[in-house]
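Numbering (the working numbering), first residue to last: 35 to 219.
One structure below.
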């Protein structure tokens with residue numbers, strides 16, 4: 035069972051140039067050991083099963099999971115939202131196995147070319163480069179506490195958008211353990 039502990043903590047910060055920024059911090063306790071939760075962030079067979087908000091799908095995850103590598107992920111909207119595909123890249127800057135992932139997320143086209151989020155109609159305040167830090171910590175009963183921090187939003191309106199878009203396991207309460215077990219060969 036997923037525990038929605040600390041669903042979203044919103045931190046206020048200031049950049050060196052005086053621009054106020056807002057971070058999104060989401061913590062989930064997942065009913066799976068750290069090794070399985072790590073796999074859900076690093077293996078394309080697993081990523082396509084959880085990386086989407088409810089009602090969306092993720093038909094494509096090309097993972098180059100190494101420092102300096104970049105993964106290309108596709109989110110497909112349901113028909114009632116237009117059915118369009120939206121792409122993101124995750125470029126990895128630090129990997130401490132089973133402990134920490136640091137990456138930069140970008141909106142992209144189907145070939146992985148980055149573009150400004152505003153070009154896709156995303157509200158102002160979502161930066162071109164969104165640094166993420168994902169931490170994993172063993173919790174009681176063989177579960178894992180995973181915290182995802184997204185940095186640099188320049189408007190309060192933008193930060194809740196990102197906390198809903200899929201940087202953390204599905205928001206519909208789907209059990210991560212079922213997702214992982216279903217993917218086993």
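No residue lacks a Cβ here, since even glycine has one placed at the ideal position from N, Cα and C.
Because the structure is a prediction, the values reported are computed rather than measured.
So, helix, strand or coil for residue 138, using DSSP? Assigned with DSSP and collapsed to three states, residue 138 falls in strand.
So, is the C-beta of residue 93 closer than 8 angstroms to a C-beta in chain D? Among the chains in the structure shown there is no chain D, since it carries only a single protein chain.
Output yes or no for whether 8 angstroms exceeds the beta carbon distance between residue 121 and residue 150. At least 8 angstroms separates the beta-carbon of residue 121 from that of residue 150.
The beta strand (DSSP E) with residue 104 in it runs from where to where? It spans 104–110 - the beta strand (DSSP E) in which residue 104 sits, taken as one unbroken run.
Please work out which residues of its chain come closer than 7 angstroms, Cβ to Cβ, to residue 112, disregarding the five sequence neighbours upstream and downstream, and give them in chain order. Excluding positions up to five away in sequence, the list reads 89, 90.
Please classify residue 66 as buried or exposed, where buried requires at least 16 neighbouring CB atoms within 10 angstroms. Its Cβ being crowded by 16 or more others within 10 Å, residue 66 is buried.
Helix, strand or coil at residue 96 according to DSSP, with G and I counted as helix: Judged by DSSP in its simplified three-state form, residue 96 adopts strand.
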